[in-house]
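**Student:** As given, the protein sequences belong to chains A and B, one line each in that order.
According to our numbering, the stretch in the first sequence is residues 1 to 319, in order.
According to our numbering, the stretch in the second sequence is residues 320 to 638, in order.
2 protein chains.
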Amino acid sequence: MSGNTGLTWRLIEEARARIDGKVHVTPVLTSAALDALAGAQLYFKCENLQTCGAFKARGATNAVFALPDSEARRGVATHSSGNHAAALAHAARLRGVRAHVVMPDNAAAAKSAAVRRYGAEITWCAPTLAARESTLREVIAATGAKLVHPYDDLTVMAGQGTAAVELLEEVADLDLLLCPVGGGGLLSGTAVAAKTLRPGIRVVGVEPAGADDAARSFRTGHIIPSTDPQTIADGLRSSLGERPFAEIRRRVDDIVTVSDEAIVAAMRRLWEVLKIVVEPSGAVPYAALLGGAASLRGTRIGIVLSGGNVDLDRLPWSR
Amino acid sequence: MSGNTGLTWRLIEEARARIDGKVHVTPVLTSAALDALAGAQLYFKCENLQTCGAFKARGATNAVFALPDSEARRGVATHSSGNHAAALAHAARLRGVRAHVVMPDNAAAAKSAAVRRYGAEITWCAPTLAARESTLREVIAATGAKLVHPYDDLTVMAGQGTAAVELLEEVADLDLLLCPVGGGGLLSGTAVAAKTLRPGIRVVGVEPAGADDAARSFRTGHIIPSTDPQTIADGLRSSLGERPFAEIRRRVDDIVTVSDEAIVAAMRRLWEVLKIVVEPSGAVPYAALLGGAASLRGTRIGIVLSGGNVDLDRLPWSR
Numbered sequence: 001m002s003g004n005t006g007l008t009w010r011l012i013e014e015a016r017a018r019i020d021g022k023v024h025v026t027p028v029l030t031s032a033a034l035d036a037l038a039g040a041q042l043y044f045k046c047e048n049l050q051t052c053g054a055f056k057a058r059g060a061t062n063a064v065f066a067l068p069d070s071e072a073r074r075g076v077a078t079h080s081s082g083n084h085a086a087a088l089a090h091a092a093r094l095r096g097v098r099a100h101v102v103m104p105d106n107a108a109a110a111k112s113a114a115v116r117r118y119g120a121e122i123t124w125c126a127p128t129l130a131a132r133e134s135t136l137r138e139v140i141a142a143t144g145a146k147l148v149h150p151y152d153d154l155t156v157m158a159g160q161g162t163a164a165v166e167l168l169e170e171v172a173d174l175d176l177l178l179c180p181v182g183g184g185g186l187l188s189g190t191a192v193a194a195k196t197l198r199p200g201i202r203v204v205g206v207e208p209a210g211a212d213d214a215a216r217s218f219r220t221g222h223i224i225p226s227t228d229p230q231t232i233a234d235g236l237r238s239s240l241g242e243r244p245f246a247e248i249r250r251r252v253d254d255i256v257t258v259s260d261e262a263i264v265a266a267m268r269r270l271w272e273v274l275k276i277v278v279e280p281s282g283a284v285p286y287a288a289l290l291g292g293a294a295s296l297r298g299t300r301i302g303i304v305l306s307g308g309n310v311d312l313d314r315l316p317w318s319r
Numbered sequence: 320m321s322g323n324t325g326l327t328w329r330l331i332e333e334a335r336a337r338i339d340g341k342v343h344v345t346p347v348l349t350s351a352a353l354d355a356l357a358g359a360q361l362y363f364k365c366e367n368l369q370t371c372g373a374f375k376a377r378g379a380t381n382a383v384f385a386l387p388d389s390e391a392r393r394g395v396a397t398h399s400s401g402n403h404a405a406a407l408a409h410a411a412r413l414r415g416v417r418a419h420v421v422m423p424d425n426a427a428a429a430k431s432a433a434v435r436r437y438g439a440e441i442t443w444c445a446p447t448l449a450a451r452e453s454t455l456r457e458v459i460a461a462t463g464a465k466l467v468h469p470y471d472d473l474t475v476m477a478g479q480g481t482a483a484v485e486l487l488e489e490v491a492d493l494d495l496l497l498c499p500v501g502g503g504g505l506l507s508g509t510a511v512a513a514k515t516l517r518p519g520i521r522v523v524g525v526e527p528a529g530a531d532d533a534a535r536s537f538r539t540g541h542i543i544p545s546t547d548p549q550t551i552a553d554g555l556r557s558s559l560g561e562r563p564f565a566e567i568r569r570r571v572d573d574i575v576t577v578s579d580e581a582i583v584a585a586m587r588r589l590w591e592v593l594k595i596v597v598e599p600s601g602a603v604p605y606a607a608l609l610g611g612a613a614s615l616r617g618t619r620i621g622i623v624l625s626g627g628n629v630d631l632d633r634l635p636w637s638r
């Protein structure tokens, strides 16, 4: 595999310039109370406070604005029931082009409402991957819209990497960066950015134990698809993409897993102490620190809180 | 009344230098979605993300560190069932002195736990103002501790004013600043800071309709005590202090009231869109914008989100 065909630092730099002013530079929060509990200095990169409530705005905005006018004018398309759909709809509206989103007909009403609020066209389909893919093909054939994959796309991955760039510019001397991993877009972008800016940093992906395809893929060296994932972290149920996995194999130091119990405890503690709304997927990397780890004592740890889109009427501790 | 005896810009500048590095410089968040709903540009100064979850850390830290060593070594004392108690305990621990907090024996367990976590000594008393004040006098007589009043104290007021200084340094050209008002510490500090840095700015206090003593005091020109306040905004039930009221009369342009229904709606919208945990009192100024106001169209509005300490098991929309 040649480095040229993968995600380069150059693509991340271009992404950063392209999305500047179109998405938020999110704050980095710290807490003496959480530092004391962890025995380490923690720096939380708050992508839950990003436009559309998740880092997905970075990649989608980069992808939509990277298109030449001739392609962009036919619109963009994706299938998604989550944050990428809203982020793509938002980016398309910013550029003034149409977004077509294929959604399973069991998608949460709140999620389809967000997509519609940004003016996207929704095409409903049966809630299976096959139906989503075939419906998306039909939509693209009918409209000529450009597919923007949620993670298996170098331009999307480059956009996601800009969060780590901002974090390391604000806090240069991190020892470790923890990042959730689902399809791998965020982790791959994070790893390329972090290892370029600070070659000695450790980059570790964190994954729900009930959707541990990335950890198993990482160990075996080939993609093991996610089958029947069982986790509250709805943003991390998808299988690793090929392009993200190529970067993850080369650049990531480890992938660890956490239980759903730890995810909910981490989420609640972040709400209570940091006073921010973090979704289960976003709390996953902090969950890895809950048990404490002697080897991390005294280190400086960056944590990417990936998103904050939750249904406030269905919080996991109020069931 | 002479200006010399009141809150001066000089005191706020001194406060800022004194608390630098001891409390957070909190982020200012924006949201295109909330701007569109309001028809104005909104800048949220996130004091809910402050140390201890509220702006109170500013005033308490300033007061504790302003004490000469000879006084500080005997400790500090206050009576409070809320954010000021935790902030004072935290500041005392930072300085390495004792904090004595008189709390009513019906105080929420979460609040006394926060105070105890910072190492303060709690003295319980009956849940009446008379019992709180007499118990506090006894504690001070026994210990020699210095009283730090939650708001009727120029050093505390000066500390609270530093939030507006940071906001106006980040966003200079605001037309209007909205700020909650309970005892008046935050509003008075905000008004002095804002009118110094930007004389043409309007500063408006916002108060729950069920605890509208500040609005009535402002209109009549003398303090009308809060009697039997009925509001979900537990941080805003106290009566105006004399020192804050003197500044508010001189510097504040208006005080308006909002219903508890609007407060809860504002709180929920801030959680959903900004992805931050805001307590009812903190959502009060934004509640004033929910109805929309033609006169504010196109203006630039700063909003002080004063705190984020809520019981996550008892959210107002999950009853």
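Built from N, CA and C at the ideal position, the CB exists for glycine as well.
Determine, for GLY3(A), whether the minimum Cβ-Cβ distance to residues of chain B falls below 8 Å.
**Tutor:** By 1-based counting over the first sequence, the position of residue 3(A) is 3. Confidence at GLY3(A) is low in this model, with a pLDDT of 45, below 50, so its placement is unreliable and no value can be given for it.
**Student:** Please report the distance separating the alpha-carbon of ASN367(B) from that of ILE595(B).
**Tutor:** Taking the second sequence and counting its residues from 1, the one referred to as residue 367(B) is at position 48. Taking the second sequence and counting its residues from 1, the one referred to as residue 595(B) is at position 276. C-alpha separation (whole angstroms): 8 Å.
**Student:** The alpha helix (DSSP H) spanning GLU247(A) covers which residue range?
**Tutor:** Locating residue 247(A) in the first sequence gives position 247, where the first residue counts as 1. In this chain, the alpha helix (DSSP H) harbouring GLU247(A) covers 242–251.
**Student:** Can you tell me the Cα-Cα spacing of LEU624(B) and LEU589(B), whole angstroms?
**Tutor:** Taking the second sequence and counting its residues from 1, the one referred to as residue 624(B) is at position 305. Taking the second sequence and counting its residues from 1, the one referred to as residue 589(B) is at position 270. Straight-line Cα distance between these residues: approximately 10 Å.
**Student:** Buried or exposed, going by whether 16 or more other CB atoms sit within 10 Å of the CB of ASN425(B)?
**Tutor:** Working through the second sequence from its first residue, we reach residue 425(B) at position 106. Answer is exposed; the Cβ neighbour count stays below 16.
**Student:** Helix, strand or coil for PHE384(B) per DSSP?
**Tutor:** Translated into positions along the second sequence, residue 384(B) becomes position 65. In the displayed model, PHE384(B) falls within a helix according to three-state DSSP.
**Student:** When the Cα atoms are used, what is the spatial distance from LYS465(B) to HIS398(B)?
**Tutor:** Here residue 465(B) corresponds to residue number 146 of the second sequence, with the count starting at 1. Here residue 398(B) corresponds to residue number 79 of the second sequence, with the count starting at 1. Using only the alpha carbons, I get a separation of about 12 Å.
**Student:** With 16 as the cutoff for other CB atoms within 10 Å, does GLU169(A) come out buried or exposed?
**Tutor:** Within the first sequence, residue 169(A) is the residue found at index 169, counting from 1. It is exposed - the Cβ of GLU169(A) has fewer than 16 other Cβ atoms within 10 Å.
**Student:** Please tell me whether ARG587(B) has its Cβ less than 8 Å away from any Cβ of chain A.
**Tutor:** In the second sequence, counting from the first residue as 1, residue 587(B) sits at position 268. With 8 Å as the cut-off, ARG587(B) counts as an interface residue toward chain A.
**Student:** List, in chain order, every chain B residue whose beta-carbon is nearer than 8 Å to that of LEU290(A).
**Tutor:** Locating residue 290(A) in the first sequence gives position 290, counting from the first residue. What LEU290(A) touches in chain B: nothing, since even the nearest Cβ is about 17 Å away.
**Student:** Compare the C-beta of LEU555(B) against all C-beta atoms of chain A and say whether one is closer than 8 Å.
**Tutor:** Stepping through the second sequence from its first residue, residue 555(B) is reached at position 236. It does not: the Cβ of LEU555(B) has no partner Cβ on chain A nearer than 8 Å.
**Student:** For ILE232(A) and chain B, any beta-carbon pair shorter than 8 Å?
**Tutor:** In the first sequence, residue 232(A) corresponds to position 232, counting from 1. False, the Cβ-Cβ gap to chain B never drops below 8 Å.
**Student:** With a cut-off of 8 Å, do at least 3 Cβ pairs link the segment 478–487 of chain B to the segment 496–515 of chain B?
**Tutor:** yes
**Student:** Report the three-state DSSP secondary structure of GLU452(B) (helix, strand or coil).
**Tutor:** The count along the second sequence starts at 1 and reaches residue 452(B) at position 133. The answer is helix: DSSP assigns GLU452(B) an H, G or I state.
**Student:** I need the straight-line Cα distance from VAL522(B) to HIS24(A), nearest angstrom please.
**Tutor:** Start at 1 with the first residue of the second sequence, and residue 522(B) comes out as number 203. Start at 1 with the first residue of the first sequence, and residue 24(A) comes out as number 24. Straight-line Cα distance between these residues: approximately 27 Å.
**Student:** Taking the alpha-carbon positions, what's the SER332(B) to ARG517(B) distance?
**Tutor:** Here residue 332(B) is taken as the residue at index 13 of the second sequence, counted from 1. Here residue 517(B) is taken as the residue at index 198 of the second sequence, counted from 1. First, the amino acid is wrong: residue 332(B) is Glu here, not Ser. Those two C-alpha atoms are separated by around 15 Å.
**Student:** In terms of DSSP beta bridges, what is THR78(A) paired with?
**Tutor:** Within the first sequence, numbered from 1, the residue matching residue 78(A) stands at position 78. Beta-bridge pairing links THR78(A) to VAL101(A).
**Student:** Taking Cβ to Cβ, would you say GLN50(A) is nearer than 8 Å to THR26(A)?
**Tutor:** The sequence position of residue 50(A) within the first sequence is 50, counting from 1. The sequence position of residue 26(A) within the first sequence is 26, counting from 1. Against a cut-off of 8 Å, the Cβ pair of THR26(A) and GLN50(A) comes out as a contact.
**Student:** Applying a beta-carbon distance threshold of less than 9 Å, which residues of chain B neighbour GLU169(A)?
**Tutor:** Position 169 of the first sequence, counting from 1, holds the residue named residue 169(A). Correct list: empty, because the minimum Cβ distance to chain B is about 16 Å.
**Student:** Where does TRP636(B) fall in DSSP's three states?
**Tutor:** On the second sequence, position 317 is the one that residue 636(B) refers to. Note: TRP636(B) maps to coil in three-state DSSP.
**Student:** What three-state label does DSSP hand MET1(A) in the structure shown?
**Tutor:** Residue numbering aside, residue 1(A) sits at position 1 when the first sequence is read from its first letter. With a pLDDT of 43 at MET1(A), under the threshold of 50, the modelled position of this residue cannot be trusted, and the question is left open.
**Student:** Anything in the segment 120–154 of chain A with a Cβ closer than 9 Å to a Cβ of chain B? List those residues in chain order, please.
**Tutor:** none
**Student:** Cβ of ALA528(B) within 8 Å of Cβ of THR576(B)?
**Tutor:** As a working mapping, residue 528(B) is identified with position 209 in the second sequence. As a working mapping, residue 576(B) is identified with position 257 in the second sequence. A contact, by the Cβ cut-off of 8 Å.
**Student:** In terms of residue numbering, what span does the beta strand (DSSP E) encompassing LEU496(B) cover?
**Tutor:** If you number the second sequence from 1, residue 496(B) lands on position 177. Segment 495–499, the beta strand (DSSP E) holding LEU496(B).
**Student:** Would a check of beta-carbon distances place GLU272(A) closer than 8 Å to chain B?
**Tutor:** The residue you call residue 272(A) lines up with position 272 of the first sequence. Yes, GLU272(A) counts as interfacial toward chain B.
**Student:** Can you check whether the C-beta of GLY302(A) is within less than 8 Å of a C-beta belonging to chain B?
**Tutor:** Numbered from 1 along the first sequence, position 302 holds the residue referred to as residue 302(A). For GLY302(A), the answer is no, since every Cβ of chain B falls outside 8 Å of its Cβ.
**Student:** Label GLU598(B) either buried or exposed according to how many other C-beta atoms from any shown protein chain fall within 10 Å of its C-beta, with 16 as the threshold for buried.
**Tutor:** For the purposes of this step, residue 598(B) is taken as the residue at position 279 of the second sequence. With 16 or more other Cβ atoms within 10 Å, it is buried.
**Student:** Based on DSSP bridge pairs, tell me the residues matched to THR299(A).
**Tutor:** Numbered from its first residue, the first sequence carries residue 299(A) at position 299. Answer is none; THR299(A) lacks a bridge partner.
**Student:** Applying the 10 Å Cβ sphere with the 16-neighbour rule, what's the burial state of SER318(A)?
**Tutor:** Start at 1 with the first residue of the first sequence, and residue 318(A) comes out as number 318. Under this definition SER318(A) is an exposed residue.
**Student:** Near SER112(A), what residues of its chain come up, given a Cβ to Cβ distance below 7 Å and the 5 sequence neighbours on each side ignored?
**Tutor:** One-based indexing of the first sequence puts residue 112(A) at position 112. MET103, ILE122.
**Student:** Output needed for ALA194(A): all residues of its chain with C-beta closer than 7 Å, excluding positions within five of it in sequence on either side, in chain order.
**Tutor:** If you number the first sequence from 1, residue 194(A) lands on position 194. The answer, listed in chain order, is ALA164, LEU168, LEU177, ILE201, VAL203.
**Student:** If you draw a straight line from the C-alpha of GLY75(A) to the C-alpha of SER134(A), how long is it?
**Tutor:** In the first sequence, residue 75(A) corresponds to position 75, counting from 1. In the first sequence, residue 134(A) corresponds to position 134, counting from 1. Straight-line Cα distance between these residues: approximately 18 Å.
**Student:** In the DSSP assignment, what residue or residues form a beta bridge with THR231(A)?
**Tutor:** Within the first sequence, residue 231(A) is the residue found at index 231, counting from 1. Answer by DSSP bridge pairing: none, since THR231(A) is not bridged.
**Student:** Can you pull the chain E neighbours of LEU7(A), defined as C-beta to C-beta under 7 Å?
**Tutor:** Looking at the structure shown, chain E is missing, and the protein chains on hand are A and B.
**Student:** With a cut-off of 8 Å, does the C-beta of SER112(A) fall near any C-beta of chain B?
**Tutor:** Locating residue 112(A) in the first sequence gives position 112, counting from the first residue. Not one chain B Cβ lies under 8 Å of SER112(A).
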